[in-house]
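So the protein lines, in turn, are chains A and B. The numbering of the first sequence is the numbering used here, which starts it at 1 and goes up by one. The numbering of the second sequence is the numbering used here, which starts it at 1001 and goes up by one. Don't be surprised by glycine CBs; every beta carbon is placed ideally from N, CA and C. Heads up: the structure comes next, in structure tokens.
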Amino acid sequence: MPISAEHVGRRYPAAPPYVVSRAKIAEFARAVRDDNPAYFGDDPIAPPTFAAVIAAQAWGALFDDEELGLALNRTMHTDQNFTFHRPLRPGDAVVAELSIEKVRGRGNLEMITVLVDLTVDGEPACEARSTLMHTRPEEADDE
Amino acid sequence: MVRYSGASTDFNEIHFSDRHARAIGLPSVVAHGMWTMGAGLKVVTDWVGDPARVLSYFVRFTRPVVVPDTDEGVEVVYTAKVTGVEDGVAKLSLSAHCGEDAVLGAARAEVRLD
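Here's what the structure looks like:
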């Protein structure tokens, strides 16, 4: 059975924590061409959208869930929303938990909103909410 | 794009291989949506100074940034406008254009000013 509104609320076990490093923060800041001094030096913080790197790794649970029948190469990221509670810093062990928040179907398109809660030591650091548009191949349309 | 692929660990080939990009109907490689979003926040953090002041950030990916394999590459122009300030929090509306095309839609951020 493909993904449907029935799957709203499904939560996946968190992957092992992602440990933030100074080198990765600097690498990411350079990749988005942001030379803000806050990202470098002795006590850097991660650029806010670095949270997406950890959140996107949590998406794996969604594509690994065979019941949903989702394929990454048929998926488009259509919008992204972040709520930041505190910046990520080197040494933070970030736990990312994914849940399915909304599912809407339109023909062979599925719009899926997923929420990834990022926490450090049990305290919220960031919520990363993404809408994904998935195109279901015709042959799987067997409702 | 290669640098962002490595930094983000998003190794979708359409971001660095013209062959893979053409296979799904794109003219050439396209920027990662998350790169376009991430680079755009600089307009906001340059203004507010401390990136830790950013409270929220939303974008819709309206069209991909097509990146030609030339020395010049392609230019994305970002602007941001303060649309309101309330209780020490500024709301901003952002735009991102590639030539005439808007590449981000409904983009907005909130930052703490105190």
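Using beta carbons (cut-off 7 Å, strictly below), is residue i in contact with chain B?
| i | result |
| --- | --- |
| Glu-110 (chain A) | no |
| Glu-27 (chain A) | yes |
| Arg-164 (chain A) | Not covered by the structure: residue 164 (chain A). The range shown for chain A is 1 to 143. |
| Ile-3 (chain A) | no |
| Ala-31 (chain A) | yes |
Between residue i and residue j, is the Cβ-Cβ spacing less than 7 Å?
| i | j | result |
| --- | --- | --- |
| Asp-1018 (chain B) | Val-1030 (chain B) | no |
| Ala-1096 (chain B) | Val-1111 (chain B) | no |
| Phe-1061 (chain B) | Thr-135 (chain A) | no |
| Leu-115 (chain A) | Ser-99 (chain A) | yes |
| Val-1044 (chain B) | Ala-1109 (chain B) | yes |
| Ala-1039 (chain B) | Ile-45 (chain A) | no |
| Val-94 (chain A) | Val-120 (chain A) | yes |
| Pro-90 (chain A) | Val-20 (chain A) | yes |
| Ala-96 (chain A) | Ala-14 (chain A) | yes |
| Cys-126 (chain A) | Ala-29 (chain A) | no |
Under 8 Å by Cβ, that's how I've got residue i and residue j pegged, so tell me the actual separation to the nearest angstrom.
| i | j | result |
| --- | --- | --- |
| Tyr-11 (chain A) | Asn-81 (chain A) | The sequence as given places Arg at residue 11 (chain A); Tyr does not occur at that position. That pair is no contact at about 19 Å. |
| Pro-48 (chain A) | Tyr-1057 (chain B) | 6 Å |
| Ala-31 (chain A) | Ala-1007 (chain B) | 4 Å |
| Leu-1113 (chain B) | Val-1085 (chain B) | 7 Å |
| Val-1066 (chain B) | Val-1059 (chain B) | Incorrect: roughly 18 Å between the Cβ atoms, too far for contact. |
Tell me residue i's beta-bridge partners as DSSP assigns them.
| i | result |
| --- | --- |
| Pro-124 (chain A) | A:Thr-119 |
| Ser-1095 (chain B) | B:Thr-1079 |
| Lys-102 (chain A) | A:Thr-113 |
| Met-76 (chain A) | A:Met-133 |
| Phe-82 (chain A) | A:Ala-128, B:Tyr-1057 |
| Tyr-18 (chain A) | A:Val-94 |
| Asp-1114 (chain B) | Per DSSP, none; premise fails for Asp-1114 (chain B). |
Using the Cβ count rule (16 or more neighbours within 10 Å means buried), how would you classify residue i?
| i | result |
| --- | --- |
| Glu-84 (chain A) | It should be noted that the sequence gives Phe, not Glu, for residue 84 (chain A). Buried is the call here. |
| Pro-37 (chain A) | exposed |
| Phe-1011 (chain B) | exposed |
| Asp-1069 (chain B) | exposed |
| Thr-1009 (chain B) | exposed |
| Gly-1033 (chain B) | buried |
| Asp-34 (chain A) | buried |
| Asp-92 (chain A) | buried |
Of all the CB atoms in chain A, is at least one closer than 7 Å to the CB of residue i?
| i | result |
| --- | --- |
| Phe-1016 (chain B) | no |
| Val-1030 (chain B) | no |
| Arg-1060 (chain B) | yes |
| Leu-1055 (chain B) | yes |
| Ala-1096 (chain B) | no |
| Pro-1064 (chain B) | no |
| Gly-1073 (chain B) | no |
| Pro-1027 (chain B) | no |
| Arg-1112 (chain B) | no |
| Lys-1091 (chain B) | no |
| Arg-1003 (chain B) | yes |
Looking at chain C, is there any beta carbon in it that lies within less than 7 Å of the beta carbon of residue i?
| i | result |
| --- | --- |
| Thr-1045 (chain B) | Among the protein chains in the structure shown, which are A and B, there is no chain C. |
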